[in-house]
Amino acid sequence: MILDLIVQALLYPGLLFTIVFIIFTQWYARKLSARIQYRRGPIHAGPAGFLHPLADLLKLVAKRDMVNKYSLNVSPVIVISLAIGFLILVQLALPVAYKPLYARYDSLAILYFMLIAPFAIAYLAAAHPNPYTSIGVARFLAQLVVAEPLFAITVITPLIIGARLGGEYSIYLTSILSPKIWSSGLTSFIAMLLSAIAGFIALLAVLMVKPFDTPEAESEIYWGVFTEVGGSRLALGFFLKFAERIVFPMLYACLFLGCTWPVEPSNWLLSTIVVYLKTLLVFTVLTIIDNVMPRYKPEQVVVFLLKYGYPPALLGLLLALV
Amino acid sequence: MDVYEFTLIYTLTSITTGLIIYFVFYWMFQKYVASKTPVERDEVSSLIVMGGFIVEEPARIPVTKVFKDIYKRALGRLMLVEEWTSRTSTWYLIGLVVLALIVIIALVSGW
Numbered sequence: 012m013i014l015d016l017i018v019q020a021l022l023y024p025g026l027l028f029t030i031v032f033i034i035f036t037q038w039y040a041r042k043l044s045a046r047i048q049y050r051r052g053p054i055h056a057g058p059a060g061f062l063h064p065l066a067d068l069l070k071l072v073a074k075r076d077m078v079n080k081y082s083l084n085v086s087p088v089i090v091i092s093l094a095i096g097f098l099i100l101v102q103l104a105l106p107v108a109y110k111p112l113y114a115r116y117d118s119l120a121i122l123y124f125m126l127i128a129p130f131a132i133a134y135l136a137a138a139h140p141n142p143y144t145s146i147g148v149a150r151f152l153a154q155l156v157v158a159e160p161l162f163a164i165t166v167i168t169p170l171i172i173g174a175r176l177g178g179e180y181s182i183y184l185t186s187i188l189s190p191k192i193w194s195s196g197l198t199s200f201i202a203m204l205l206s207a208i209a210g211f212i213a214l215l216a217v218l219m220v221k222p223f224d225t226p227e228a229e230s231e232i233y234w235g236v237f238t239e240v241g242g243s244r245l246a247l248g249f250f251l252k253f254a255e256r257i258v259f260p261m262l263y264a265c266l267f268l269g270c271t272w273p274v275e276p277s278n279w280l281l282s283t284i285v286v287y288l289k290t291l292l293v294f295t296v297l298t299i300i301d302n303v304m305p306r307y308k309p310e311q312v313v314v315f316l317l318k319y320g321y322p323p324a325l326l327g328l329l330l331a332l333v
Numbered sequence: 020m021d022v023y024e025f026t027l028i029y030t031l032t033s034i035t036t037g038l039i040i041y042f043v044f045y046w047m048f049q050k051y052v053a054s055k056t057p058v059e060r061d062e063v064s065s066l067i068v069m070g071g072f073i074v075e076e077p078a079r080i081p082v083t084k085v086f087k088d089i090y091k092r093a094l095g096r097l098m099l100v101e102e103w104t105s106r107t108s109t110w111y112l113i114g115l116v117v118l119a120l121i122v123i124i125a126l127v128s129g130w
C-alpha cells in the first residue's frame, strides 16, 4: 500500500503527471486564447510551441531568488509548496487514481484541503508587501469569503443525494455514483441542476477567472497578488494556480458531469480518459470565458455571487436535504 | 479505512510531496542553477521608487481597510436600496420566484 501511495503521489496522478498535464493545459489555453484574439500563440519551444510553458517554468526557477527588504524569506515558499502538495493529491481521491484513497466522510477533509490553495496564494502575496499586492490580497480575501462557502455548498448537494445511494459522503464513491444521482428522481435532478449552475459560478470566482479576476487585475493594479513575487516564488505561485485550474475542474467534472459516464468505472483506463476529457471540457469553457468577459469591480463580485450564486445553491441544497 | 486514517495518510503524503516540491523547485535550483546566474544589480536597484519618486519606505495600504471598503460598497444601505428599487420588477425577481416555485412544487408533489 505504501509503495502504491508513493507512486501515486509522486508519479501518477500526483506530482509528475500533474506537471505534464499543466504543461499541456497551459499550452492549450495559450493557443486557444491566441485563436480568440487573432494571434498565433506559442510557436518556438517544442513542436507547435508545446514546450513553451516548461521553458517559462525553467526560466523562472533558474532565476536567483530576490525579495524586497520588507518581505518574508522562507515561510511563503514552504507554505506554497505544501499547498501544492495538498491540492494535487486530491486527484488520489478521484477515479483517475488506479488505487483511489477514500473513506466514509472523506469529503470533509478534502474540502478543507482544497481550501488551503487559495489562502496560500493570498499568504504568498501578503508576505511580499507592496501597495498593489495589499489591494490584490484584500480583493482576493473579499472574493473568497463569498466564493468558498458557495463552492462548498454546491459540492455538498451531490454528496447528500449520493449518500442515499451508498456514496457515504465520500468524494470517490459519490463520483462513481454521479450518473445515478442525476437520474434518481426529478427533485434530485433539479437539485443537481441548480448546484451545477451555482458550482460553476463559484468555480470561476475561486479560480480568479474573468469576470472574477479582480485580485490580479492586470493593468489596473499591475498584477495584484503576484505583483511583488518573481523568479522561483512566482514559478511556485503559478504552479499552484495552474494546478487549481486542473484539480477544481476535475472535481466539478466528477461530481456534476457524470464522472466516468458513459464508461463503466470497472474499465479503469477508458474511464480515466473520459474523466480527463471532461476536465478538459470544463477547462476549455473556463478559458473561453476568461477571454471574452470583461472584469467586475470587487464589490460587484461580492454582489453577483450573493445574488446569483447563493439562491440556486441554497435551493439545491434544500431540495437535496428533503 | 476510516476518515481519521484517511486524513492522517493524506496529510503525511501531502506534506512529503510538498517538501519534495520545495527541495526540487526551490532549494536545488537555487543552489545548483540560480547561484551561477550573474546578478545584474547597481546602486539604483536597491532604491524604493513609488510613482517615479525615490521614497524612504513604500506606502502601506491596510488589507483590512480595503476588505471592509469592498463589503461596505457591496452591502451598503445605499447600494441595496438602489438595487432593490431598480431591479425588483426585472427578471432577477421573476427568476427567484420561478426557482422558489420549482422547489415548492417539487416538495409538495413528492417528486
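The listed protein sequences derive, respectively, from chains U and P.
The numbers in this note's numbering rise by one with no breaks, and the one at position 58 of the first sequence is 69.
The numbers in this note's numbering rise by one with no breaks, and the one at position 25 of the second sequence is 44.
Beta carbons: idealized from backbone N, C-alpha and C, even for Gly.
Per DSSP, what kind of secondary structure is residue i in: helix, strand or coil?
i             : result
residue 72/P  : strand
residue 80/P  : coil
residue 17/U  : helix
residue 232/U : coil
residue 132/U : helix
residue 67/P  : strand
residue 138/U : coil
residue 217/U : helix
residue 55/P  : helix
residue 124/U : helix
residue 308/U : coil
residue 60/P  : coil
residue 54/U  : coil
residue 151/U : helix
residue 273/U : coil
residue 24/P  : helix
residue 104/U : helix
residue 197/U : helix
residue 189/U : helix
residue 50/P  : helix
residue 203/U : helix
residue 175/U : helix
Decide if residue i is buried, meaning its Cβ has at least 16 other Cβ atoms within 10 Å, or exposed.
i             : result
residue 129/P : exposed
residue 139/U : buried
residue 116/P : exposed
residue 303/U : exposed
residue 154/U : buried
residue 187/U : buried
residue 78/P  : exposed
residue 247/U : buried
residue 145/U : buried
Taking the alpha-carbon positions, what's the residue i to residue j distance?
i             : j             : result
residue 178/U : residue 20/P  : 15 Å
residue 73/P  : residue 234/U : 21 Å
residue 35/P  : residue 328/U : 36 Å
residue 314/U : residue 242/U : 36 Å
residue 60/U  : residue 215/U : 27 Å
residue 159/U : residue 123/U : 10 Å
residue 109/U : residue 279/U : 7 Å
residue 294/U : residue 75/P  : 45 Å
residue 16/U  : residue 58/U  : 34 Å
residue 274/U : residue 296/U : 23 Å
residue 326/U : residue 183/U : 25 Å
residue 212/U : residue 103/U : 25 Å
Rank the options by C-alpha distance to the C-alpha of residue i and give the top, closest one.
i             : options                   : result
residue 227/U : 151/U, 40/U, 80/U         : 151/U
residue 331/U : 192/U, 275/U, 302/U       : 192/U
residue 165/U : 105/U, 302/U, 24/U, 118/U : 118/U
residue 125/U : 119/P, 23/P, 24/P, 29/P   : 29/P
residue 202/U : 23/U, 333/U, 108/U        : 333/U
residue 90/U  : 25/P, 110/P, 27/P, 42/P   : 42/P
residue 56/U  : 65/U, 49/U, 105/U         : 65/U
residue 219/U : 27/U, 244/U, 207/U, 251/U : 251/U
residue 64/P  : 68/U, 77/U, 73/U          : 77/U
residue 130/U : 110/U, 93/U, 116/U, 102/U : 93/U
residue 181/U : 196/U, 262/U, 238/U       : 262/U
residue 24/P  : 297/U, 19/U, 115/U        : 115/U
residue 244/U : 102/U, 321/U, 95/U        : 95/U
residue 70/P  : 20/U, 285/U, 143/U, 104/U : 143/U
residue 318/U : 297/U, 37/U, 101/U, 209/U : 209/U
residue 2/U   : 85/U, 272/U, 71/U, 133/U  : Since the first residue shown for chain U is 12 and the last is 333, residue 2/U is missing from the structure and cannot be characterised.
residue 46/P  : 23/U, 174/U, 73/U, 113/U  : 73/U
Would the C-beta of residue i count as close to the ligand GTP, meaning under 6 Å from any of its heavy atoms?
i             : result
residue 149/U : No copy of the ligand GTP appears in this structure; indeed no ligand is present at all.
Return the first residue and the last residue of the alpha helix (DSSP H) that residue i is part of.
i             : result
residue 63/U  : 63-72
residue 260/U : 242-267
residue 46/U  : 26-47
residue 227/U : First-last for residue 227/U: undefined, no H or E at that position.
residue 127/P : 110-128
residue 301/U : 279-303
residue 88/U  : 86-99
residue 113/U : First-last for residue 113/U: undefined, no H or E at that position.
residue 327/U : 321-332
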